[in-house]
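For reference, the structure discussed in these notes is given below.
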Amino acid sequence: DAMVIQNPRYQVTQFGKPVTLSCSQTLNHNVMYWYQQKSSQAPKLLFHYYDKDFNNEADTPDNFQSRRPNTSFCFLDIRSPGLGDAAMYLCATSRDRREFQFFGPGTRLTVL
Amino acid sequence: SQQGEEDPQALSIQEGENATMNCSYKTSINNLQWYRQNSGRGLVHLILIRSNEREKHSGRLRVTLDTSKKSSSLLITASRAADTASYFCATDGGYNQGGKLIFGQGTELSVKP
Numbered sequence: 174d175a176m177v178i179q180n181p182r183y184q185v186t187q188f189g190k191p192v193t194l195s196c197s198q199t200l201n202h203n204v205m206y207w208y209q210q211k212s213s214q215a216p217k218l219l220f221h222y223y224d225k226d227f228n229n230e231a232d233t234p235d236n237f238q239s240r241r242p243n244t245s246f247c248f249l250d251i252r253s254p255g256l257g258d259a260a261m262y263l264c265a266t267s268r269d270r271r272e273f274q275f276f277g278p279g280t281r282l283t284v285l
Numbered sequence: 005s006q007q008g009e010e011d012p013q014a015l016s017i018q019e020g021e022n023a024t025m026n027c028s029y030k031t032s033i034n035n036l037q038w039y040r041q042n043s044g045r046g047l048v049h050l051i052l053i054r055s056n057e058r059e060k061h062s063g064r065l066r067v068t069l070d071t072s073k074k075s076s077s078l079l080i081t082a083s084r085a086a087d088t089a090s091y092f093c094a095t096d097g098g099y100n101q102g103g104k105l106i107f108g109q110g111t112e113l114s115v116k117p
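Which chain is which? The protein sequence lines are A and B, in order.
When we follow the numbering used here, the leftmost residue of the first sequence carries the number 174, and every step to the right adds one.
When we follow the numbering used here, the leftmost residue of the second sequence carries the number 5, and every step to the right adds one.
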């Protein structure tokens, strides 16, 4: 049974055209994370929610925003995608901050 | 700054051989975790080892942690072609990092049949 679901799996957008990626979880975990992963690199944390408490990483560009309307769903909004934003975007959840994380399959974003 | 650094960056072995991957980190930790990632997919959690533990086993996996050297190793015994993947260590950075995970660059393991 899928536990962390990401939609869509593949997303193509145009330079500057806003895009939203979605993540849902069936685990009822408190924490949800968004990572950006570029080819052959480590996942890079963009931000995370602890329940409704939003935590932004200092080096996450303002172009990236997130929403968590309820426990199950979390969205990543890229307001004006640039070519450098093409990457795999991974959503993850954990019961608490220091526990291991469950990852979704990722959304591969292409920017034309 | 990068918390976890992994060594080697790439490893190619024959099926049945053992694979050892190493991870070093810089600051104090509460726990260290190992993840696996198949090409183009999400990460899968393998093992979590806490700072007061020295060794942990799970099936064909063995993880060691040496907090005095700030290093960890992941051993996969009797490797299979299906073990081909990238392996990442991740540290939680201690209490002053809010418990977030910081990933190393990963080791790309190739197991040839």
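In this text, a Cβ means the ideal position worked out from N, Cα and C, and glycines have one as well.
The model shown is predicted, which means the values in this text are computed figures rather than measured ones.
*With Asn-35 of chain B and Arg-54 of chain B assumed to form a contact (beta carbons below 8 angstroms), what rounded beta-carbon distance in angstroms separates them?*
At roughly 5 angstroms, the Cβ-Cβ gap stays under 8 angstroms, so Asn-35 of chain B and Arg-54 of chain B are in contact.
*Please report how far the alpha carbon of Leu-47 of chain B lies from the alpha carbon of Gln-41 of chain B, in whole angstroms.*
The straight-line gap from Cα to Cα measures roughly 5 angstroms.
*List in chain order: all unbroken beta strand (DSSP E) runs of 3+ residues lying wholly within the segment 56-87 of chain B.*
Runs of the beta strand (DSSP E) inside the segment 56-87 of chain B: 59-62, 65-70, 75-80.
*What do you get for Thr-31 of chain B, buried or exposed, if any count of 16 or more other CB atoms within 10 angstroms of its CB means buried?*
Burial is judged here by how many other beta carbons sit within 10 angstroms of a residue's own beta carbon; Thr-31 of chain B has fewer than 16 and is exposed.
*asked:* Counting only C-beta atoms, is Phe-246 of chain A closer than 8 angstroms to chain B at any point?
replied: Taking Cβ atoms only, chain B never reaches closer than 8 angstroms to Phe-246 of chain A, which makes this a no.
*Can you tell me where the beta strand (DSSP E) with Glu-112 of chain B in it begins and where it stops?*
Taken as a continuous stretch (DSSP letters only), the beta strand (DSSP E) holding Glu-112 of chain B covers 111-116.
_Against chain B, does Pro-234 of chain A count as a neighbour if the rule is that its beta carbon must be under 8 angstroms from one of theirs?_
It does not: the Cβ of Pro-234 of chain A has no partner Cβ on chain B nearer than 8 angstroms.
*Using CA coordinates, which residue listed in A:Gly-257, A:Glu-230, A:Leu-218, A:Tyr-222 is at the minimum distance from His-202 of chain A?*
The candidate whose alpha carbon is nearest that of His-202 of chain A is A:Tyr-222.
*If we count the other Cβ atoms within 10 Å of its Cβ and call it buried at 16 or more, is Ser-83 of chain B buried or exposed?*
The residue in question, Ser-83 of chain B, is buried, as its Cβ has 16 or more Cβ neighbours within 10 Å.
*Out of A:Ser-239, A:Ser-253, A:Pro-254, which has the shortest C-alpha to C-alpha gap to Cys-247 of chain A?*
When the alpha-carbon of Cys-247 of chain A is set against those of A:Ser-239, A:Ser-253, A:Pro-254, the nearest one is in A:Ser-239.
_Alpha-carbon spacing of Gly-189 of chain A relative to Asp-96 of chain B, whole angstroms_ = Going by the C-alpha atoms only, they are around 35 angstroms apart.
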